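Have a look at the structure below, then the notes.
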Amino acid sequence: MGGQRQVILTSMETAGDVYLVQGIMPEGSEVPKHVHELEDEIFHVLEGNVELILGDETLEAQKGDIIYLPRGIAHGIKTKGQKTAKVLNYVIPGKNFENFFESLNKVGPQISKAERDAIAQKHKISFL
Numbered sequence: 001m002g003g004q005r006q007v008i009l010t011s012m013e014t015a016g017d018v019y020l021v022q023g024i025m026p027e028g029s030e031v032p033k034h035v036h037e038l039e040d041e042i043f044h045v046l047e048g049n050v051e052l053i054l055g056d057e058t059l060e061a062q063k064g065d066i067i068y069l070p071r072g073i074a075h076g077i078k079t080k081g082q083k084t085a086k087v088l089n090y091v092i093p094g095k096n097f098e099n100f101f102e103s104l105n106k107v108g109p110q111i112s113k114a115e116r117d118a119i120a121q122k123h124k125i126s127f128l
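Position one of the sequence shown corresponds to residue 1 (the UniProt record's numbering), numbered consecutively onward.
Shown next as C-alpha cells:
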C-alpha cells in the first residue's frame with residue numbers, strides 16, 4: 001500500500017506523541033483515500049512529485065513542500081510522474097497508527113481489501 005515504509009521514529013521513542021516514517025513511493029504508488037479519526041499527518045516531500053487529495057482539494061507537491069493533513073478529513077497520496085517520490089510522514093499522535101501498520105504487517109503483503117478494512121476499523125481509520 002503506497003510503496004515501502006522506513007521507520008525513523010517509533011511512538012515508543014516519543015512517548016506515543018509522534019510516529020515518523022519515510023515513504024518510498026515508486027512510479028504508480030498510491031495510498032487510497034481514507035480518514036483518520038485520531039491522527040493528524042504532516043507530509044514533507046524529500047524527492048519527486050506527489051499528488052495529495054485533501055477533502056475536495058487536489059494538491060500537487062514537490063521537493064521541499066510540507067502539507068498538513070488534519071484528522072477527520074479524507075485524504076490520499078500518489079506518485080506523480082516517473083520518478084520515485086520520497087516523503088517524510090509525521091503522524092501525531094503516533095501510537096495507534098503505528099499499531100495499525102504492525103497489524104497489517106502481521107498479515108503480510110497479500111492482505112485482502114476486506115482484511116485491511118477490518119484492521120483499519122479497529123484503529124478508527126476508514127478507507128473510502
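Ideal Cβ placement from N, Cα and C applies to all residues, glycine included.
Quick caveat, the model's predicted, so the values are computed rather than measured.
| query | result |
| --- | --- |
| At least three beta-carbon pairs within less than 8 Å, the segment 64-75 to the segment 33-46 | yes |
| Coarse secondary structure for Thr58, derived from DSSP in three states | strand |
| Nearest-angstrom Cα separation, counted from Ile53 out to Gln4 | 20 Å |
| Simplified DSSP assignment, three categories, for Ser126 | strand |
| Candidates His75, Ala74, Thr79, Gly55, of which the one nearest Ala61 by Cα | Thr79 |
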